[in-house]
Amino acid sequence: NRDSSNSSSGRKNRRKKRKRRNVCQRHDLYVDFAEVDWTTWIVAPPGYDAYYCQGQCPFPMSDHLNATNHAIVQTLVNAANSALTPKPCCVPTELGGVPMLYLDDKSKVVLKNYPEMTVQACGCR
Amino acid sequence: VSSGLVPKVGRNNLIRQAAKYTSDTREEEDAIVNEYEKSLLNMFGLKRRPTPEKDFQVPRIMQHLYKAHMGDYYEPEPKIVTSWETGFDLPHEDIASRVNTARSYHHEDNEEHYPGMPSNHIRLRFDISTMPSEEVIGAAELLLHREAVWHHVTSGQGHMHRLNIYEIVKMPPDDGGRAGSRFGSRPQPITRLLDTRLIDTRNTTWERFDVSPATLLWSRVAHKENHGLVVEVVQEDEQIPPQGDAERHVRLKRDMHHDVSDREWVHLRPMLLTYSHDGKDTSLRRRKRSSR
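Quick mapping for you: the protein sequence lines, in order, are chains A and B.
Here the first sequence is numbered in the numbering used here, starting from 1 and rising by one per residue.
Here the second sequence is numbered in the numbering used here, starting from 1001 and rising by one per residue.
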């Protein structure tokens, strides 16, 4: 709606959305084994959802940002003097495993569940 | 030296990035990328990039194991079979929960027989020395496939066979032929019965035998001290080797199954399946989506 998009409330909404997009969160990342030429030895899966974390750790940090006590204190120090220390980083806080069926270097068939392959949650640390 | 795990384009990009951290020698940049490749190999528990033959067949059992482990998360894909193998599923929950790796082994074809071995016996020796040293075996099973045979049994239990699984504890010395000649027969290996099972030759299925203690022992000794197993098949009623078509009921020897192609034999031949744990925090438990 052209009218509402030009109105001040429309602009505010867009600004809010943009801010939300910049906040630390999980983003899509599909690892396609064909792209790294690994499909010759990995039988399954053909790829997997790995995700990644990116974004700002803004003040105030809401609960969903999983901030540690350290991150909260770092935010305070950053507010007092940003030249002294940066803001906390947006990193994976929970990771999950991915099972793979593959041939090893002796051509034996292996099924293995690899830990810490996919991001389940991001947070400010 | 590159392991080949990083594709060429990616490698060049990584070298460019590494250049920011080194003085301008190409060797140093290469070394940084090689270190990175090494950590990738480590992650997979490999020594070098696997280079399987183009038409390498992945045993159907392993494909089923993958599918069973994926549980609710399984999405059909072209490289994985769609049907289920009769008589096969994930190991029991208490095994699946304490292991995170399953490895399959085929026996050494050229060691199926030893001198003086009866015709209804077959020796199955599996080379598990390639298993990474950090992995601890939690369980192992011997899988034997049997195919229904239709023969003329008018009465009695002629269709019932007995499968005996022995562990070879000690092989006779190499000069065994001469030593045993006084009695006109060769000395036999010392064996220990691990399991015995009555089977109906009118059914097609996989038979699974727990061979965990023997496999655990093989993982701890040198390969030459791993003598393998012996499988014996006898007709239950007469205690004699199976005759005629019944001889081919259990898929033990390649030369008994000329009707099966090499590609198919990979899926039907005896297999040792080991379940192990590498110390990392995952398991082979069936994956289930939590309900909302």
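From the three backbone atoms N, C-alpha and C, an ideal C-beta is built for every residue, glycine too.
Since the structure is predicted, the reported quantities are computational estimates derived from the model, not experimental observations.
Next on the checklist: Strictly below 9 angstroms CB to CB, what residues from chain B border N22(A)?
Outcome noted: Position 22 of the first sequence, counted from the start, is the residue given in the question as residue 22(A). Neighbours of N22(A) in chain B, taken as residues whose beta carbon is under 9 angstroms from its own, are absent, since the nearest beta carbon is some 25 angstroms off.
Item to check | Closer than 8 angstroms at the beta carbon, the chain B residues around G47(A) | outcome: Stepping through the first sequence from its first residue, residue 47(A) is reached at position 47. Residues of chain B with a Cβ closer than 8 angstroms to the Cβ of G47(A) do not exist, since the nearest Cβ in that chain sits about 10 angstroms away.
Item to check | Uninterrupted alpha helix (DSSP H) stretches inside the segment 50–120 of chain A (no shorter than 4 residues) | outcome: Annotation note: the segment 50–120 of chain A contains the following uninterrupted alpha helix (DSSP H) runs of length 4 or greater, listed N- to C-terminal: 69–80.
Item to check | Own chain residues within Cβ distance below 7 angstroms of E1236(B), not counting five before or after | outcome: As a working mapping, residue 1236(B) is identified with position 236 in the second sequence. Excluding positions up to five away in sequence, the list reads Q1157, M1160, H1161, R1162, L1198.
Next on the checklist: Could you check whether the Cβ of C122(A) sits closer than 7 angstroms to any Cβ belonging to chain B?
Outcome noted: To locate residue 122(A), count along the first sequence from 1; it is residue 122. No - not a single Cβ of chain B is within 7 angstroms of the one on C122(A).
Next on the checklist: Tell me whether the segment 1247–1261 of chain B and the segment 1014–1027 of chain B touch, counting them as touching only if at least three CB pairs, one residue from each stretch, are closer than 8 angstroms.
Outcome noted: Counting Cβ pairs under 8 angstroms, fewer than three are found: no touch.
Next on the checklist: Can you find the residues in the same chain that come closer than 6 angstroms, C-beta to C-beta, to S1212(B), ignoring five residues on each side of it along the sequence?
Outcome noted: Taking the second sequence and counting its residues from 1, the one referred to as residue 1212(B) is at position 212. The answer, listed in chain order, is A1139, A1140.
Checklist entry - Among H1267(B), A1019(B), D1278(B), which residue has its Cα nearest to the Cα of E1147(B)? => result By one-based count along the second sequence, residue 1147(B) stands at place 147. The shortest Cα separation from E1147(B) among H1267(B), A1019(B), D1278(B) belongs to H1267(B).
Checklist entry - Leaving out five residues before and five after G1004(B) in sequence, what residues of the same chain have Cβ atoms less than 7 angstroms from its Cβ? => result Position 4 of the second sequence, counted from the first residue, corresponds to residue 1004(B). Closer than 7 angstroms at the Cβ level, and outside the excluded window around G1004(B), lie R1049.
Next on the checklist: Any beta carbon from chain B within less than 7 angstroms of L111(A)'s own beta carbon?
Outcome noted: Here residue 111(A) refers to the residue found at position 111 when the first sequence is read from its first residue. Interface residue (Cβ-Cβ distance to chain B less than 7 angstroms): L111(A) is classified as such.
Next on the checklist: Tell me which residues share the same chain as E1029(B) and place their Cβ nearer than 6 angstroms to its Cβ, disregarding the 5 neighbours each side in the sequence.
Outcome noted: For the purposes of this step, residue 1029(B) is taken as the residue at position 29 of the second sequence. Only residues of its own chain outside the window of five on either side were considered, and among them I1015, A1018, A1019, T1022 have a CB closer than 6 angstroms to the CB of E1029(B), listed in chain order.
Checklist entry - Which full runs of the alpha helix (DSSP H) of 4+ residues lie inside the segment 1050–1088 of chain B, going along the chain? => result Correct list: 1060–1070.
Next on the checklist: For the segment 1077–1106 of chain B, list every residue whose C-beta sits within 8 angstroms of some C-beta in chain A, in sequence order.
Outcome noted: Residues of the segment 1077–1106 of chain B with a C-beta atom less than 8 angstroms from some C-beta of chain A are E1077, K1079, I1080, N1100, T1101, A1102, R1103, S1104, Y1105, listed in chain order.
Item to check | Close Cβ partners of R1060(B) (< 8 angstroms) along its chain, the five nearest in sequence each way excluded | outcome: Working through the second sequence from its first residue, we reach residue 1060(B) at position 60. Cβ neighbours of R1060(B) beyond the five flanking positions: V1081, E1085, H1267.
Item to check | DSSP-derived helix/strand/coil call for I1240(B) | outcome: Sequence index remark: in the second sequence, residue 1240(B) carries index 240 (1-based). Three-state DSSP puts I1240(B) in coil, outside helix and strand.
Next on the checklist: Using a Cβ-Cβ cutoff of less than 6 angstroms, which residues in the same chain neighbour R1285(B) once the five nearest sequence positions on both sides are dropped?
Outcome noted: The sequence position of residue 1285(B) within the second sequence is 285, counting from 1. Within the same chain, R1285(B) has close Cβ partners A1096, S1097.
Item to check | For N1110(B), the first and last residue of its enclosing beta strand (DSSP E) | outcome: Position 110 of the second sequence, counting from 1, holds the residue named residue 1110(B). The continuous stretches of beta strand (DSSP E) do not include N1110(B), and DSSP gives it neither H nor E.
Item to check | Length-filtered (3 minimum) beta strand (DSSP E) runs lying within the segment 1183–1226 of chain B | outcome: Counting only unbroken stretches of 3 or more residues, the beta strand (DSSP E) elements lying wholly within the segment 1183–1226 of chain B are 1190–1200, 1205–1210, in sequence order.
Checklist entry - On the three-state DSSP scale, how would you describe E1141(B)? => result To locate residue 1141(B), count along the second sequence from 1; it is residue 141. DSSP places E1141(B) in strand when its eight states are reduced to three.
Checklist entry - Can you name the residues of chain A whose CB is closer than 8 angstroms to the CB of F1056(B)? => result Sequence index remark: in the second sequence, residue 1056(B) carries index 56 (1-based). Proximity of chain A to F1056(B) at the Cβ level (cut-off 8 angstroms) is accounted for by L103, S107, in chain order.
Item to check | Whole-angstrom distance between H1106(B) and D1094(B), CA atom to CA atom | outcome: Sequence index remark: in the second sequence, residue 1094(B) carries index 94 (1-based). Sequence index remark: in the second sequence, residue 1106(B) carries index 106 (1-based). Pairing D1094(B) with H1106(B), the inter-Cα distance amounts to about 25 angstroms.
Checklist entry - By Cβ distance, which residues of its chain are closer than 8 angstroms to L1041(B), with the 5 residues on each side in sequence left out? => result For the purposes of this step, residue 1041(B) is identified with residue 41 of the second sequence, where counting begins at 1. Cβ within range, chain order: S1003, L1005, K1047, R1048, R1049.
Checklist entry - Taking DSSP as the reference, what is the three-state secondary structure of E1135(B)? => result Here residue 1135(B) refers to the residue found at position 135 of the second sequence. For E1135(B), the three-state secondary structure derived from DSSP is coil.
Checklist entry - Do L103(A) and L1065(B) have their C-beta atoms closer together than 7 angstroms? => result Here residue 103(A) refers to the residue found at position 103 of the first sequence. Here residue 1065(B) refers to the residue found at position 65 of the second sequence. Cβ atoms of L103(A) and L1065(B): not closer than 7 angstroms.
Checklist entry - If you draw a straight line from the alpha carbon of E1035(B) to that of V31(A), how long is it in whole angstroms? => result As a first step, residue 1035(B) is located in the second sequence; it is residue number 35 there, counting from the start. As a first step, residue 31(A) is located in the first sequence; it is residue number 31 there, counting from the start. The alpha-carbon atoms of E1035(B) and V31(A) are separated by roughly 22 angstroms.
Checklist entry - For K87(A), which residues of its own chain have a beta-carbon under 6 angstroms away from its beta-carbon, when the five flanking residues on both sides are left out? => result As a first step, residue 87(A) is located in the first sequence; it is residue number 87 there, counting from the start. Excluding residues within five positions, the ones whose Cβ falls inside 6 angstroms are C57, N78.
Checklist entry - Got a sec: which bits of the segment 1029–1057 of chain B sit with their beta carbon under 8 angstroms from any beta carbon on chain A, in order along the chain? => result Here the close residues are M1043, F1044, G1045, L1046, K1047, R1048, R1049, P1050, T1051, P1052, E1053, F1056.
Next on the checklist: Beta carbons nearer than 7 angstroms to chain A: which residues of the segment 1270–1282 of chain B have them?
Outcome noted: Those would be K1280, D1281, T1282, in chain order.
Checklist entry - Can you find a C-beta in chain A that's less than 7 angstroms from the C-beta of P1242(B)? => result In the second sequence, counting from the first residue as 1, residue 1242(B) sits at position 242. It does not; no Cβ of chain A falls within 7 angstroms.
Item to check | Status (buried if at least 16 other CB within 10 Å, exposed otherwise) for H1258(B) | outcome: In the second sequence, counting from the first residue as 1, residue 1258(B) sits at position 258. By the Cβ neighbour-count rule, H1258(B) is exposed, with fewer than 16 other Cβ atoms within 10 Å of its own.
Checklist entry - Beta carbon of M1171(B), beta carbon of H1227(B): below 7 angstroms? => result For the purposes of this step, residue 1171(B) is identified with residue 171 of the second sequence, where counting begins at 1. For the purposes of this step, residue 1227(B) is identified with residue 227 of the second sequence, where counting begins at 1. A Cβ-Cβ contact shorter than 7 angstroms links M1171(B) with H1227(B).
Checklist entry - Apart from the five residues just before and just after H27(A), which ones in its own chain have a Cβ nearer than 8 angstroms to its Cβ? => result The residue given as residue 27(A) occupies position 27 in the first sequence. If we look at H27(A) and ignore the five residues flanking it on each side, its Cβ neighbours are Y51, Y52, C53, Q54.
Checklist entry - How big is the Cα-Cα spacing for S1181(B) and H1121(B)? => result Sequence index remark: in the second sequence, residue 1181(B) carries index 181 (1-based). Sequence index remark: in the second sequence, residue 1121(B) carries index 121 (1-based). For S1181(B), the predicted structure reports a pLDDT of 43, less than 50, and the residue's modelled location is therefore unreliable. The matter cannot be settled from this model.
Next on the checklist: Within a Cβ cutoff of 6 angstroms, which residues of the same chain sit near S1129(B), ignoring the five residues on either side of it in sequence?
Outcome noted: Indexing the second sequence from 1 puts residue 1129(B) at position 129. Setting aside the 5 residues that flank it on each side, S1129(B) is surrounded in the same chain by H1223, each with a C-beta closer than 6 angstroms to its C-beta; the list follows chain order.
Checklist entry - Between I72(A) and the rest of its own chain, which residues show a CB-CB distance below 8 angstroms, the 5 nearest in sequence each way excluded? => result By 1-based counting over the first sequence, the position of residue 72(A) is 72. M61.
Next on the checklist: Could you tell me the alpha carbon to alpha carbon distance between L1252(B) and T1025(B), rounded to whole angstroms?
Outcome noted: Within the second sequence, numbered from 1, the residue matching residue 1252(B) stands at position 252. Within the second sequence, numbered from 1, the residue matching residue 1025(B) stands at position 25. Rounded to whole angstroms, L1252(B) to T1025(B) spans 58 angstroms at the Cα level.
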